[in-house]
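Below is one structure, written out as structure tokens; the observations come after it.
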Amino acid sequence: SVPAERRMPDMEYLYRELKRKSVTMQLLWYEYKQANPDGYQYSQLCNLYRQWVKKLDLTLRQEHRAGEKLFIDYAGQTVSIVDPKTGEITEAQIFLAALGASNYTFVEASLSQDLPSWIKSHVHAFEFFGGVAEILVPDNLKTGVTNPCRYEPDINPTYQDLAEHYGTTVIPARSRKPKDKAKVESAVFVAERWILAALRNHTFFSLTELNQAIAEKLHDLNNRKFQKLNTTRRQLFETIDRPALKSLPSRPYEYAEWKKARV
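Position in the sequence shown (from 1) plus 614 gives the number in the numbering used here.
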């Protein structure tokens, strides 16, 4: 018979702790049993946890370790910027970067998806996070990945140079692996819903003005509780990802375009 006082483990605590480096379910069960000698056996705890995780959104179910991966892409939507003098309209591109473990997200607008903009947005993202993840996972975007071959994608030399400057590694999302793409596609969906849709009735006259508005909505997004977790992206970031990120170098990366020398 099950003891009436058998204590249910705190699933959110297990979820957070499992994202920390080297923490295993075995260790967490051992700690739980020390505090609750009549508690669940290891296999029972694993089953209970699996059932709990199944109820979470797909991207929250994925197991990403603290400080391990930063997922990067551009949103499909753009935002119009009107030149106040000429009335000419430019479509601003929306860059996104989301940390794997906490889902903590950075969003900014740029005038293009060209290489200088791509690099500059990375520098801004690293400054926003106050550190760098071990691995950058860009969606297979031609700006950062010159040849998205199935096994060995060629990383743009400037992008590779940026990665080396920050002591990180570029491993592009694999086009045939939906799990690789799920995290960043979820971040894009959330940003389009909570940031871009929320700005739909605004008219912007400069990139600076647009980015100020995005920053306000981004703050709200990162501090909003998840639907099925009693915590926020910001809280998960502060407790899980931030302590595990690599420190920023003393100077930010400066853009330099690599050209193949003709012999």
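Ideal Cβ positions, reconstructed from N, Cα and C, are used throughout, including at glycine.
Predicted model only: the values in this text are computed from it and were never measured.
Asp855 places its beta carbon 8 angstroms or farther from that of Leu659. Per DSSP, Phe740 is one residue of the alpha helix (DSSP H) stretching across Leu729 to Phe743. For the 8 angstroms CB-CB criterion, His738 and Ala715 do not form a contact.
Counting only unbroken stretches of 4 or more residues, the alpha helix (DSSP H) elements lying wholly within the segment 628–653 are 639–649, in sequence order. As a beta-bridge residue in DSSP terms, Tyr688 pairs with Phe709. Membership of Leu750 in the beta strand (DSSP E) is indicated by the continuous run Ile749 to Pro752. Boundaries for Thr822: no beta strand (DSSP E) harbours it, while the alpha helix (DSSP H) harbouring it runs Leu821 to Asn836, taken from the DSSP string. By the Cβ rule, the segment 815–831 does not count as touching the segment 645–658, because fewer than three pairs are nearer than 8 angstroms. Residue burial annotation: Glu741 is exposed, with fewer than 16 other C-beta atoms found within 10 angstroms of its C-beta. With fewer than 16 neighbouring CB atoms inside 10 Å of its own CB, Arg664 falls in the exposed class. With contact defined as three or more Cβ pairs closer than 8 angstroms, the segment 775–790 and the segment 860–871 are in contact. The DSSP-derived three-state label of Thr782 is coil.
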